[in-house]
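*Asks:* In this text, residue positions in the sequence shown follow the numbering used here: the first is 549, and each later residue adds one.
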Amino acid sequence: MSFELNKSVKIIRHKLNNGLEVIILNNPKVPIVSMNLSYKVGSKDEIVGIRGFAHLFEHLMFEGSKNVPKGEFDKICSSAGGTNNAYTTYDYTAYTMTLPSHQIELGLWLESDRMFYSEISQSALETQQKVVTEEILQTIENQPYGKWRENLAALAYSPECSYSWEVHGSKEDVANSTLANVQNFFNTYYNPENACLVLAGDCPPENTMPLVEKYFGIEKSNGNIRRNIFVENFKQKGKTEITYDNVPLPAVFISFHLGDFKSEDIYTADVLSYMIGNGRSSELYKKLVYEMQIASQVGAFVDKREHCSLLTFYAVGNKPLIQTDELKKAILFEIEKVKKGLFDESSLFKTRNQLTSQIANEIQYSHGLADMIGNFTLFWNNPEMIFEVLGKYNAINREHLIEFADKYLVAEEAIEVVVLPKEMSDNEI
């Protein structure tokens with residue numbers, strides 16, 4: 549259901565005595581309510597030995613709690629006309645639910661029960677260990693080009709940095725996890741002072757806040773949250789790795805270190821990546837696919853992280869023996885054009901419109917709105933940023949792109965992962 553967002557919409561913010569941040573955005577025109585409960589824990593909070601625990605917990609949280617038996621969470625939600633989901637990132641884990649507005653109390657009860665009374669049994673752990681390790685096998689290890697991000701992470705960050713592995717983590721660490729260290733992870737991060745609850749939709753604050761207090765104000769936080777320290781030299785630059793895999797075509801992935809995701813430069817990064825690498829009208833597609841006819845797929849995207857983001861450009865060749873150096877040079881050529889300002893103002897204007905339209909579409913629905921507000925509250929401590937985000941993108945101009953490219957997109961500092969078909973010999977690179 550659509551949600552008309554403007555500054556006349558009032559955001560209600562309240563912190564419970566146990567530290568839980570609560571945000572309410574009421575829209576009585578929408579007969580549903582979307583909940584986003586985000587915990588400030590992701591793969592960056594892991595260490596060697598528990599790599600993949602944040603993602604594992606996304607699965608374990610559906611394995612039952614004190615009052616909701618195993619397998620019943622989804623059934624209860626769907627029988628009430630609702631949907632739910634969850635996802636894990638480098639920096640946080642989010643649990644989402646959308647219900648008819650008259651079922652809001654049910655949703656709050658379900659989420660609070662697994663926050664405070666999660667029951668992780670040995671059998672549940674063993675079940676999810678198998679599920680997660682199989683997921684890693686299918687989506688990463690046995691997937692064409694599936695390991696490039698894993699290889700990139702190890703190249704881009706020092707081994708002791710928790711960004712040096714991907715969100716799925718280590719298959720071995722997940723398989724070797726014990727009930728004791730899983731419970732310790734839960735006790736450390738799954739408590740109210742490490743979380744933010746957002747409700748958007750038909751949820752009048754005068755009715756909703758007492759329900760939130762009833763279900764989430766009942767327990768204290770344990771206060772033992774542990775954070776990894778990111779030292780100054782955790783970024784690694786100017787590295788290349790060539791891998792041979794069961795892939796039909798050569799591919800090259802070129803990444804550059806950016807600032808953290810709270811940096812204003814991130815908005816410029818989004819615009820630049822969208823202009824260069826998004827869709828058939830992008831500069832990479834026009835050059836590498838249409839004009840040079842050396843690539844079958846191209847793209848660019850920003851991997852946003854709390855301590856150090858990455859901007860990646862990629863190209864997949866259109867022939868098995870295509871030279872990856874040719875793909876790389878063509879990508880770097882398009883980057884150099886940005887540095888010299890050799891792009892049309894109309895391209896920038898079109899890109900801004902496409903990007904802001906995409907974001908506006910996401911936040912016109914209560915679930916997208918709740919998700920974005922949760923993120924702004926957890927990391928910026930400012931849910932009101934939801935009113936500013938479109939303006940920040942629309943403010944990006946030619947000079948911003950040129951300055952950004954000069955500052956961050958230095959060819960000698962690029963991290964490069966080359967993936968080649970196994971049958972290719974070294975001298976065909």
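All residues carry an ideal CB built from backbone N, CA and C; glycine is no exception.
#1: Pair every Cβ in the stretch 923–940 with every Cβ in the stretch 780–791, then say whether three or more of these pairs are closer than 8 Å.
#2: Quick check on DSSP: helix, strand or coil for residue 783?
#3: Following the continuous alpha helix (DSSP H) through residue 892, name the residue where it begins and the one where it ends.
#4: With residue 952 as the anchor, note down where its alpha helix (DSSP H) starts and where it stops.
#5: Label residue 943 either buried or exposed according to how many other C-beta atoms from any shown protein chain fall within 10 Å of its C-beta, with 16 as the threshold for buried.
#6: Taking DSSP's pairing of strands, which residues face residue 792 in a bridge?
#7: Closest by CA to residue 797, which one among 869, 562, 830 and 951?
#8: Which residues in the same chain have their Cβ closer than 8 Å to the Cβ of residue 972, if we skip the five residues on either side of it in sequence?
#9: Apart from the five residues on each side of it in sequence, which residues of its chain come closer than 6 Å, Cβ to Cβ, to residue 653?
#10: Are the beta-carbon atoms of residue 875 and residue 843 separated by less than 9 Å?
#11: Does the beta-carbon distance from residue 813 to residue 903 come in below 9 Å?
#12: DSSP on residue 763, reduced to helix/strand/coil?
#13: Hey, how far is the Cα of residue 909 from the Cα of residue 564?
#14: Which residues bound the beta strand (DSSP E) around residue 569?
#15: Could you check which residue in 834, 895 and 915 has the C-alpha nearest to that of residue 881?
#16: Check residue 637 in the structure and name its three-state DSSP category.
#17: Residue range of the beta strand (DSSP E) that residue 802 falls in?
#18: So residue 673 is in the alpha helix (DSSP H); what residue range does that whole segment cover?
#19: What would DSSP say about residue 843, mapped onto helix, strand or coil?
#20: If we count Cβ pairs, one from each stretch, closer than 8 Å, do we get three or more for the stretch 720–740 versus the stretch 674–682?
#21: Count the other CB atoms within 10 Å of the CB of residue 960; is the residue buried (16 or more) or exposed (fewer)?
#22: Near residue 822, what residues of its chain come up, given a Cβ to Cβ distance below 7 Å and the 5 sequence neighbours on each side ignored?
#23: So, with DSSP's three-state summary, where would you put residue 726?
#24: Over the uninterrupted beta strand (DSSP E) stretch that includes residue 865, give me the two end residues.
#25: What distance in whole Å lies between the Cβ atoms of residue 863 and residue 890, which are believed to be in contact at a cut-off of 8 Å?
#26: Which value, in whole angstroms, describes the spacing of the CA atoms of residue 585 and residue 839?
#27: With distances taken from CA atoms, which of 614, 836, 757 and 636 is nearest residue 599?
#28: Just confirm the distance between the C-beta atoms of residue 641 and residue 590, as a whole number of angstroms; I'd bet it's less than 8 Å.
#29: Is the beta carbon of residue 649 closer than 9 Å to that of residue 580?
#30: In whole angstroms, give me the CA-to-CA distance for residue 879 and residue 804.
#31: Under 9 Å between the Cβ atoms of residue 594 and residue 703?
#32: Can you grab the Cα-Cα spacing for the pair residue 894 / residue 941, in whole Å?
#33: Could you work out which residue in 969, 964 and 606 is closest to residue 699 when comparing CA atoms only?
#34: My output table needs one value for residue 773: the three-state DSSP class, helix, strand or coil.
#35: Look at the alpha carbon of residue 766 and the alpha carbon of residue 615, and state the distance between them as a whole number of angstroms.
#36: If you reduce the DSSP assignment to three classes, tell me which class residue 584 lands in.
*Replies:* Let me spell this out:
#1: no
#2: On the sequence shown, residue 783 is found 235 positions in, with the first residue counted as 1. DSSP places residue 783 in strand when its eight states are reduced to three.
#3: Position 344 of the sequence shown holds residue 892. Note, residue 892: premise wrong, no alpha helix (DSSP H); not H, not E.
#4: Working through the sequence shown from its first residue, we reach residue 952 at position 404. Looking at the DSSP string, the run of the alpha helix (DSSP H) that includes residue 952 is 946–956.
#5: Taking the sequence shown and counting its residues from 1, one reaches residue 943 at position 395. Classification for residue 943: exposed.
#6: Taking the sequence shown and counting its residues from 1, the one referred to as residue 792 is at position 244. For residue 792, the beta-bridge partners assigned by DSSP are 968.
#7: Within the sequence shown, numbered from 1, the residue matching residue 797 stands at position 249. Distance from the Cα of residue 797 is smallest, within the candidate group 869, 562, 830 and 951, for 869.
#8: For the purposes of this step, residue 972 is taken as residue 424 along the sequence shown, with counting starting at 1. Result list for residue 972: 792, 798, 868 and 869, in chain order.
#9: For the purposes of this step, residue 653 is identified with residue 105 of the sequence shown, where counting begins at 1. The answer, listed in chain order, is 759.
#10: By one-based count along the sequence shown, residue 875 stands at place 327. By one-based count along the sequence shown, residue 843 stands at place 295. Cβ atoms of residue 875 and residue 843: closer than 9 Å.
#11: Locating residue 813 in the sequence shown gives position 265, counting from the first residue. Locating residue 903 in the sequence shown gives position 355, counting from the first residue. No, the pair does not count as a contact, with Cβ atoms beyond the cut-off.
#12: Numbered from 1 along the sequence shown, position 215 holds the residue referred to as residue 763. Reduced to three states, the DSSP call for residue 763 is helix.
#13: What you label residue 909 is simply residue 361 of the sequence shown in a count that begins at 1. What you label residue 564 is simply residue 16 of the sequence shown in a count that begins at 1. When the Cα atoms are used, residue 909 and residue 564 turn out to be separated by approximately 32 Å.
#14: In the sequence shown, the residue the question calls residue 569 occupies position 21. First-last of the beta strand (DSSP E) with residue 569: 569–574.
#15: For this step, residue 881 is matched to residue 333 along the sequence shown. For the residues 834, 895 and 915, the minimum Cα distance to residue 881 belongs to 834.
#16: Position 89 of the sequence shown, counted from the start, is the residue given in the question as residue 637. In this structure, residue 637 counts as coil in the three-state DSSP scheme.
#17: In the sequence shown, residue 802 corresponds to position 254, counting from 1. Unbroken beta strand (DSSP E) run through residue 802: 799–805.
#18: Counting from one through the sequence shown, the residue named residue 673 turns up at place 125. Residues 670–684.
#19: Numbered from 1 along the sequence shown, position 295 holds the residue referred to as residue 843. Looking at residue 843 - three-state DSSP - the assignment turns out to be strand.
#20: yes
#21: The residue given as residue 960 occupies position 412 in the sequence shown. With a threshold of 16 other beta carbon atoms within 10 Å, residue 960 falls short and is exposed.
#22: The residue labelled residue 822 in the question sits at position 274 within the sequence shown. Cβ within range, chain order: 899, 902 and 903.
#23: Residue mapping note: residue 726 aligns to position 178 of the sequence shown, counting from 1. Three-state DSSP puts residue 726 in coil, outside helix and strand.
#24: Reading the sequence shown from its first residue, position 317 is the one you call residue 865. Element bounds for residue 865: 858–865.
#25: One-based indexing of the sequence shown puts residue 890 at position 342. One-based indexing of the sequence shown puts residue 863 at position 315. About 20 Å separates the two Cβ atoms, so there is no contact after all.
#26: Along the sequence shown, one-based indexing puts residue 585 at 37. Along the sequence shown, one-based indexing puts residue 839 at 291. Spanning the two alpha carbons is a distance of roughly 47 Å.
#27: Position 51 of the sequence shown holds residue 599. The shortest C-alpha separation from residue 599 is found at 636.
#28: Along the sequence shown, one-based indexing puts residue 641 at 93. Along the sequence shown, one-based indexing puts residue 590 at 42. That pair is a contact at about 6 Å.
#29: To locate residue 580, count along the sequence shown from 1; it is residue 32. To locate residue 649, count along the sequence shown from 1; it is residue 101. Yes.
#30: On the sequence shown, residue 879 is found 331 positions in, with the first residue counted as 1. On the sequence shown, residue 804 is found 256 positions in, with the first residue counted as 1. When rounded, the distance between both Cα atoms is 13 Å.
#31: As a first step, residue 594 must be located in the sequence shown, where it is residue number 46. As a first step, residue 703 must be located in the sequence shown, where it is residue number 155. Not closer than 9 Å, so no.
#32: Residue numbering aside, residue 894 sits at position 346 when the sequence shown is read from its first letter. Residue numbering aside, residue 941 sits at position 393 when the sequence shown is read from its first letter. Each residue's Cα considered, the two are about 15 Å apart.
#33: Here residue 699 refers to the residue found at position 151 of the sequence shown. Ranking the options by Cα distance to residue 699, first place goes to 964.
#34: Counted from its first residue, the sequence shown places residue 773 at position 225. Residue 773 falls in the coil class under three-state DSSP.
#35: Taking the first residue of the sequence shown as 1, we reach residue 766 at position 218. Taking the first residue of the sequence shown as 1, we reach residue 615 at position 67. Roughly 15 Å separates the two Cα atoms.
#36: Your numbering for residue 584 matches position 36 in the sequence shown. In the structure shown, residue 584 sits in a strand (DSSP, three-state: E or B).
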